[in-house]
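S.K.: Following this message is one structure expressed as structure tokens.
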Amino acid sequence: MTNLNFHLELYKKMCLIRKAEEAIIKNYPSDEMKTPMHMSMGEEAIVVGVCQSLGPKSQTFGTYRSHALYLATSQDTDGFFAEMYGKKTGVVKGKGGSMHLSYPEKGLMATSAVVASTIPAAVGSAYANKYLKNGKIVGIFFGDGAVDEGVFWESLNIACLMKLPIIFICEDNGYAVHTETVKRHGYKSIVDIIKNFDCQVFSSESTDVEKIYKISAKAVNFVKKEKKPVFLYFKYYRYLEHVGVNWDFDKGYRSETEFKKWFKKDPLKLQKKRLLRLGLSKTQIEKVESAIANKIEECIQKAKKTPFPKNTEVYRDVFYEG
Ligand SMILES: Cc1ncc(C[n+]2csc(CCOP(=O)(O)OP(=O)(O)O)c2C)c(N)n1
């Protein structure tokens with residue numbers, strides 16, 4: 036892949052996520068998508084940068100805020116929108132909704148509504164991969180709120196002790212629902228504490244997808260060479276309310292000024308500037324953007340026309356049948 040194609044590919048991946056969520060914002064008020072929405076807006080560079088360095092043979096796990104992770108790993112807008120509309124062609128057959136997206140064939144193993152619950156599952160997968168000697172690396176994405184759960188520390192401990200091929204990716208947006216990190220943590224820095232574990236720590240406040248990609252590529256190399264876990268810590272700003280598709284600066288727990296500061300370095304804006312600097316024209320970029328938007332619109336129309344799963348399907352694939 037030439038360099039320009041690489042820069043463009045990262046932009047296209049982020050644009051797919053952003054445009055998909057813009058379409059959700061537009062269509063959600065008609066109440067046909069019954070699932071609660073935890074939007075990824077603002078987070079795109081972390082997920083796209085990390086997934087790019089992990090590559091297609093890795094395994095990923097995420098949280099209820101996983102639109103970005105699903106689209107970055109699969110690029111599958113058809114299965115995504117059918118799932119949002121609860122339809123039988125949805126990626127988890129219309130039974131998971133926005134909070135339980137998964138696509139094991141593409142490496143996205145599980146996401147869950149229960150905070151921190153996929154962390155021990157990811158560690159279990161990393162153990163299986165080490166045992167099977169299949170060379171796969173696990174990337175587990177979680178928020179700063181997950182660090183408040185005991186299971187996070189138990190999982191990190193055992194992963195370090197057993198030297199598992201896993202990358203912990205903490206995406207810190209400064210809030211768990213409406214509570215600031217400083218009001219929840221009896222310590223100053225997550226990173227300083229994790230540095231005492233037998234793993235490598237990298238951290239950044241950048242919203243530049245390429246910087247994140249480079250840090251993450253270092254992490255992947257470290258796991259491969261040193262056979263030890265890595266903890267990646269990234270800051271970002273959640274643009275929309277905790278759950279839902281609206282702005283929430285009127286709620287009083289955070290300010291629009293804070294948002295504006297982050298929006299100046301919006302990940303898509305930064306990558307678009309880079310593409311222009313590298314010689315792509317505004318029209319060329321707009322063509323890419325409208326092709327993505329058109330594809331999304333087609334998927335939405337298709338999803339709306341597709342039938343719901345039958346009632347007899349309710350318990351299928353929900354419980355393990357042996
Ligand atoms: C075990 C558990 N406790 C509490 C909740 C309620 N809850 C949902 S989201 C959330 C905040 C999590 O914040 P963070 O991990 O920072 O992720 P973010 O929503 O910011 O992406 C909480 C407490 C839950 N879903 N699961």
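If you're matching positions, the sequence shown starts at 36 in our numbering and goes up one per residue. Positions of the beta carbon are idealized from the N, C-alpha and C atoms, including for glycine. None of the values given here were measured: they were computed from a predicted structure.
Would you give the residue range spanned by the beta strand (DSSP E) that GLN94 belongs to?
M.R.: Unbroken beta strand (DSSP E) run through GLN94: 94-98.
S.K.: Where does THR318 fall in DSSP's three states?
M.R.: In the structure shown, THR318 sits in a helix (DSSP, three-state: H, G or I).
S.K.: May I have the straight-line CA-CA distance separating CYS86 from THR318, to the nearest angstrom?
M.R.: Approximately 28 angstroms, taken between the alpha carbons.
S.K.: Measuring only the C-alpha atoms, how far is TRP188 from ALA117?
M.R.: One C-alpha to the other measures close to 36 angstroms.
S.K.: Does the beta-carbon of PHE15 have 16 or more other beta-carbons within 10 angstroms, so that it is buried, or is it exposed?
M.R.: No answer is possible for residue 15: it lies beyond the span of the chain, which begins at 36 and ends at 357.
S.K.: Do you know offhand how far GLU348's Cα is from LYS123's?
M.R.: Those two C-alpha atoms are separated by around 9 angstroms.
S.K.: Can the beta-carbon of GLN94 be found less than 7 angstroms from the beta-carbon of VAL173?
M.R.: Cβ atoms of GLN94 and VAL173: closer than 7 angstroms.
S.K.: Taking the alpha carbon of VAL182 as the point to measure from, which residue in VAL323, ALA252 and ALA211 has its own alpha carbon closest?
M.R.: When each option's Cα is compared against that of VAL182, the closest is ALA211.
S.K.: For VAL127, which residues from the same chain have a beta carbon less than 8 angstroms from its beta carbon, with the 5 sequence-adjacent residues on both sides left out?
M.R.: So the list reads GLU118, HIS135, LEU136, SER137 and ASP352, once near-sequence residues are dropped.
S.K.: Determine the DSSP secondary structure at THR214, reduced to helix, strand or coil.
M.R.: THR214: strand per DSSP, three-state reduction.
S.K.: Tell me the rounded alpha-carbon separation between VAL83 and ASN38.
M.R.: Answer to the nearest angstrom: the Cα atoms are 17 angstroms apart.
S.K.: Are the CB atoms of PHE115 and GLU206 nearer to each other than 7 angstroms?
M.R.: No. Outside cutoff.
S.K.: Can you tell me where the alpha helix (DSSP H) holding LEU43 begins and where it ends?
M.R.: Residues 38-62.
S.K.: For VAL244, which three-state DSSP category applies?
M.R.: Helix at VAL244.
S.K.: So does VAL244 have its beta carbon nearer than 6 angstroms to some heavy atom of ligand 1?
M.R.: False, no ligand heavy atom lies under 6 angstroms from that Cβ.
S.K.: Kindly list the residues whose CB is nearer than 8 angstroms to the CB of HIS364, restricted to its own chain and excluding five residues on each side of it in sequence; keep chain order.
M.R.: This structure cannot speak to residue 364, because the chain is shown only from 36 to 357.
S.K.: Taking the DSSP output, what are the residues bridged to GLN235?
M.R.: VAL265.
S.K.: State the Cα-Cα distance for the pair GLU57 and MET76, rounded to the nearest angstrom.
M.R.: Taking the straight line joining both Cα atoms gives about 9 angstroms.
S.K.: Under three-state DSSP, which class holds VAL182?
M.R.: VAL182: helix per DSSP, three-state reduction.
S.K.: Would you identify the three-state DSSP class for LYS270, choosing helix, strand or coil?
M.R.: The answer is strand: DSSP assigns LYS270 an E or B state.
S.K.: With GLU206 as the anchor, note down where its beta strand (DSSP E) starts and where it stops.
M.R.: 201-207 is the extent of the beta strand (DSSP E) around GLU206.
S.K.: From the DSSP output, read off the bridge partner residues of TYR138.
M.R.: Paired residues: LEU143.
S.K.: Measuring only the C-alpha atoms, how far is VAL226 from SER238?
M.R.: Each residue's Cα considered, the two are about 8 angstroms apart.
S.K.: What's the gap between the Cα of MET48 and the Cα of GLU78?
M.R.: Sequence inspection shows Lys at residue 48; the Met mentioned does not correspond to that position. Roughly 12 angstroms separates the two Cα atoms.
S.K.: Residues in its own chain within less than 8 angstroms of LEU196 by CB, not counting five upstream and five downstream?
M.R.: Closer than 8 angstroms at Cβ, skipping near neighbours: ASP233.
S.K.: For a test of the three-state rule: what should DSSP assign to ILE172, helix, strand or coil?
M.R.: If DSSP states are grouped into helix, strand and coil, ILE172 belongs with coil.
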